[in-house]
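Sequential numbering of the sequence shown, starting at 141, is according to the numbering used here. Quick reminder that beta carbons are idealized off the backbone N, C-alpha and C, glycines included. Please read these numbers as outputs of a predicted model, since none were measured by experiment.
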Amino acid sequence: MSAGSGKKKRVVVAGTAFGRIYLDAVASAQGSFTLAGLLARGSDFSRECAERCGAPLYTKVEDIPGDIDIACVVVRSGATGGPGSDIAKALLERGIHVLQEHPVHATEITACMKAAKRGGAAYAVNTLYPNVRPIRQFLAAAEYLRKRQRIQFIDAACNSQVAYPLLDVLGRAAGDLRPWAFSECAPRGDRSSPAAGQPFQSLTATIGGVPVTLRVQNQVHPEDPDNHSLLMHRISLGCDAGVLTLADTHGPVLWNPRLHSPRDATGRLIMSGPGTDRLAVKSTSILGDQDTRSYHDVFARTWPEAVVVALHDLCGDIADPARRVRSGQWALGVSLAWRDLTERIGMPELIRPEAPEPLAVDELRAAARAAVGQAAGSGAR
């Protein structure tokens, strides 16, 4: 289906689990997109979901009408034991443009790209997180640094469940994915080993020619895989001028200018006065949004906004077929890098912890302030 640039794109969303984020995305961008249907198995939940959205529910791919412009396939791919890629291929063969939620194996991406070519359609894999607002701010700042100075290192940490999009983010931050390489990962060790009980596996890497240190919490709760991550994404990128840090997937973005002080004739550091203007800047600055959002807002706004960005990117590929090969090759590179990484870290350790106990942020603030008060009382500064 050829989607004209001057009209709203008619969108079908396949899947009503994480697909709910896509439904919210389409609803939030009604100037560009309109929901034309849901594709699901026909459970009570999916029927209720379709009723709430005021859209028809399809239970078979072949029932989707031919006037659909875009299908968002938010069904597990073969990488996680689902039929998502088969659904994507069937739609692409019919000329329906497809945005497929990650992760997707490289062989599946290749098959989908071939189906897209046969159907004259655009195909893209959505890794979501590169389009999350704070990460877009991080990547914009990284590009600014990259144009002015050489990136000397990247230090990153993630849970294995979100390692796929982390590699997408790191490739963009470095300026390219290729060349990439991953070192062997240290063994977890037996109970008597110093490695025993370590939640993270550590390895070194090169991404886009940039040295990378990487820590992966390679653990998963088999009955609750979307929970129990100690963190999602944390990235620091260093250059001569300082260190750019993404404190969390959802922000904030921090800048730490490098501490560098001139010396006087005796070799002592000059800490103030003429020639020390660079010492007058804040040791840490928040770039981009000064306030982070609650997780309610992450679900309701941040993630749907990221999907809208991905949909607009797909529309760019629809309008300009020359872009489609580049998009496909990038998606293929991310998947291949993910394959190489997962080969190094191996299968995740199965864990079954209890639900984590939340702590009140006001109490944490009080503890931090009390330390300052105690230091002031003792005369320390």
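Looking at the backbone, the Cα of F185 and that of R160 are separated by about 11 Å. Separation of the CB atoms of L178 and L197 is rounded to 5 Å, and the pair is thereby assigned contact status at 8 Å. Pairing A261 with L232 gives a Cβ-Cβ distance under 7 Å. Contact annotation: S300 and P488 have beta-carbon atoms nearer than 7 Å. For I291, the secondary structure class from DSSP, reduced to helix, strand or coil, is coil.
Pairing Q289 with A326, the inter-Cα distance amounts to about 32 Å.
By the Cβ neighbour-count rule, E241 is buried, with 16 or more other Cβ atoms within 10 Å of its own. With 16 or more other Cβ atoms inside 10 Å of its own Cβ, N271 counts as buried. Partner residues in the beta bridge of R355, as assigned by DSSP, are A297, S342.
Under the three-state reduction of DSSP output, P397 falls in the strand class. Below 8 Å, too few C-beta pairs join the segment 500-511 and the segment 343-355 to call them touching: fewer than three.
For secondary structure counted as the beta strand (DSSP E) over 3 or more consecutive residues, the segment 363-447 holds these complete runs in sequence order: 373-379, 382-386, 393-397, 425-427. Collapsing the DSSP output to three states places F278 in a helix.
Taking C-beta separations shorter than 6 Å and ignoring five residues to either side along the sequence, the partners of V383 in its chain run S376, N396, following chain order. The three-state reading of DSSP puts T247 in helix, counting H, G and I together.
Separation of the CB atoms of L394 and I426 is rounded to 6 Å, and the pair is thereby assigned contact status at 8 Å. With a threshold of 16 other beta carbon atoms within 10 Å, D209 meets it and is buried. Shown here for V244: same chain residues with a beta carbon closer than 7 Å to its own, the five before and five after excluded, namely S217, A219, S225, V265, S475 in chain order. Minimum Cα-Cα distance from W443 among the listed residues L285, V214, L268 corresponds to L268. Close CB contacts of A314 within its chain, under the 6 Å cut and outside five residues either way in sequence, are with I347, G348, V350 (chain order). For G235, the three-state secondary structure derived from DSSP is coil. Sequence-distant partners of M253 (beyond 5 residues in either direction) whose C-beta falls short of 7 Å from its own C-beta, in its chain, are Y263, G468.
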